[in-house]
Amino acid sequence: MELTTLEVSAQVLTPREIIDSPKTEFDKINATNATICWYSPTDGSEQFVKFADLPEDQQQSIRRGLEAFEQGHFISLDDYEQQIQR
Numbered sequence: 001m002e003l004t005t006l007e008v009s010a011q012v013l014t015p016r017e018i019i020d021s022p023k024t025e026f027d028k029i030n031a032t033n034a035t036i037c038w039y040s041p042t043d044g045s046e047q048f049v050k051f052a053d054l055p056e057d058q059q060q061s062i063r064r065g066l067e068a069f070e071q072g073h074f075i076s077l078d079d080y081e082q083q084i085q086r
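Residues 1 to 86, numbered by UniProt numbering, are exactly what the sequence shown covers, in order.
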């Protein structure tokens, strides 16, 4: 059997697609019994939790982040990496 490497190309979104994507996410978190995938950087685990069960400050932080994306306040990964390498 010959082993092959799966080629995965990164999906590149236009600035307009990035700005429009929070609208979908707002709809998801505003739904009754909305669940989100929560990642814990301390132990690398992922779990699905009800959005309403998150502490209020975390809910607001997520909402503020989505609002910033809606307003176009984001940078590319390349720009971010350049900033931390300086």
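Using N, Cα and C, we set each Cβ at its ideal position, and we do this for glycine too.
- In the DSSP assignment, Q85 forms no beta bridge with any residue.
- Under the DSSP assignment, F48 falls in the beta strand (DSSP E) whose first and last residues are 45-50.
- Excluding the 5 residues flanking it on each side, D20 has no same chain C-beta neighbour closer than 6 Å.
- For N30 against K50, the beta-carbon gap comes to about 13 Å, at or over 8 Å, which does not count as contact.
- One alpha carbon belongs to R64, the other to E25, and they sit about 12 Å apart.
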